[in-house]
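Here's the structure, in structure tokens; my notes come after.
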Amino acid sequence: MGWLTFSIVLLCLLISAFFAASETALTGASRASMLRLSKQGNSEASVVSRLINMRERMIGALLLGNNIANIGASALATGVFTAWFGDVGVLYATAVMTVMVVVFAEVLPKTIAINAPDRISLLVARPMRLTIFVLGPLLTVIETIVLALMKLLGIKVGAHQAVLSPTERLRGAVDLLHHEGKVEKQDRDMLGGLLDLSELQVSDVMVHRTEMTMVNADLPPEELVREVLASEYTRIPLWREKPENIVACCTPRICCARSAPMRATCPRSMPPRSRCRPGSCRRCARSPNS
180 MGWLTFSIVL
190 LCLLISAFFA
200 ASETALTGAS
210 RASMLRLSKQ
220 GNSEASVVSR
230 LINMRERMIG
240 ALLLGNNIAN
250 IGASALATGV
260 FTAWFGDVGV
270 LYATAVMTVM
280 VVVFAEVLPK
290 TIAINAPDRI
300 SLLVARPMRL
310 TIFVLGPLLT
320 VIETIVLALM
330 KLLGIKVGAH
340 QAVLSPTERL
350 RGAVDLLHHE
360 GKVEKQDRDM
370 LGGLLDLSEL
380 QVSDVMVHRT
390 EMTMVNADLP
400 PEELVREVLA
410 SEYTRIPLWR
420 EKPENIVACC
430 TPRICCARSA
440 PMRATCPRSM
450 PPRSRCRPGS
460 CRRCARSPNS
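Per this note's numbering, residue 180 is the first one in the sequence shown, and the count goes up by one each step.
As structure tokens, this is what we get:
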């Protein structure tokens with residue numbers, strides 16, 4: 180009879196470990212990951228999302244099942260130790276069950292779950308849904324008592340008071356992933372720039388027409404080529420009569436190719452092996468006689 184009781188105690192500890200791991204996994208699971216998986220057709224992820232949305236009832240079921248298993252295991256172990264050792268068996272049962280519950284039914288399963296909350300939550304999703312269904316009437320009574328106590332204490336029911344805005348939470352998640360080495364600095368800056376788009380003005384990303392580098396198309400060809408090559412840009416607008424009248428867009432290569440005096444000395448018009456590096460053709464702006 181004693182060994183049968185010990186078997187029941189071990190079963191209760193396993194049940195307690197299951198609820199402890201489920202609590203850690205379901206409360207630590209990423210809602211974004213579950214939403215993504217559910218859209219990809221993962222039915223377990225959909226169950227996890229529903230459990231998270233009804234977190235009050237889920238927490239009630241987890242704690243109720245965990246405490247029933249722990250108390251039952253402790254009561255049975257106390258009876259066995261009392262039968263074996265008399266009144267002093269209570270002390271033995273307390274010491275043994277404290278170690279068993281803390282190590283094997285709390286710390287160990289929660290440590291496993293906290294290292295892979297998304298995977299563990301997918302594994303325990305369906306058993307937890309069944310548990311909530313079975314304990315439904317009892318959970319309803321517990322929820323009613325808890326809500327009444329919260330109202331008496333003046334705590335707003337269902338009010339989620341976030342410290343940061345959704346945008347700042349998203350920025351914090353990106354910074355955390357970058358700190359962990361999962362997101363490169365370039366990607367972090369790009370995502371941060373996307374979040375800042377609503378605060379940008381047109382003048383922050385565009386150059387006004389009056390500040391653009393433009394060349395008069397009516398200039399003599401050699402002077403026009405010299406103006407284009409002296410610029411640091413690869414595309415130069417050409418205007419005629421007035422700056423508002425843009426007639427073309429010129430590049431240094433086109434200028435070198437169409438200007439006879441510059442064609443012989445411009446590296447961009449030479450064979451490929453004798454060309455200079457892109458962007459280093461500024462010496463073509465110097466006159467051959469200089």
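Each residue gets a CB set at the ideal place from its N, CA and C atoms; glycine is no exception.
Residues of the same chain with a CB within less than 6 Å of the CB of residue 268, apart from the 5 flanking positions on each side, are 260 and 261 in chain order. Remark: three or more beta-carbon pairs, one from each stretch, lie closer than 8 Å, so the region 212 to 226 and the region 299 to 314 are flagged as touching.
Going by DSSP, residue 314 is part of no alpha helix (DSSP H) at all; its letter is neither H nor E.
Distance from the CA of residue 279 to the CA of residue 265, rounded to the nearest whole angstrom, comes to 21 Å. Sequence-distant partners of residue 202 (beyond 5 residues in either direction) whose C-beta falls short of 6 Å from its own C-beta, in its chain, are 241.
Under DSSP, residue 419 shares a beta bridge with 421. Taking every protein chain shown into account, the CB of residue 288 has 16 or more other CB atoms within 10 angstroms, so this residue is buried. In this structure, DSSP gives residue 394 an extended state, which the three-state scheme calls strand. With contacts defined by Cβ atoms closer than 8 Å, residue 419 and residue 396 form a contacting pair. 8 Å or more divides the Cβ of residue 362 from the Cβ of residue 256. Under the three-state reduction of DSSP output, residue 275 falls in the helix class. With fewer than 16 other beta carbons inside 10 angstroms of its own, residue 186 counts as exposed. Within the same chain, and ignoring the five residues on either side of residue 196 in sequence, the residues whose Cβ sits closer than 6 Å to its Cβ are 284 and 288.
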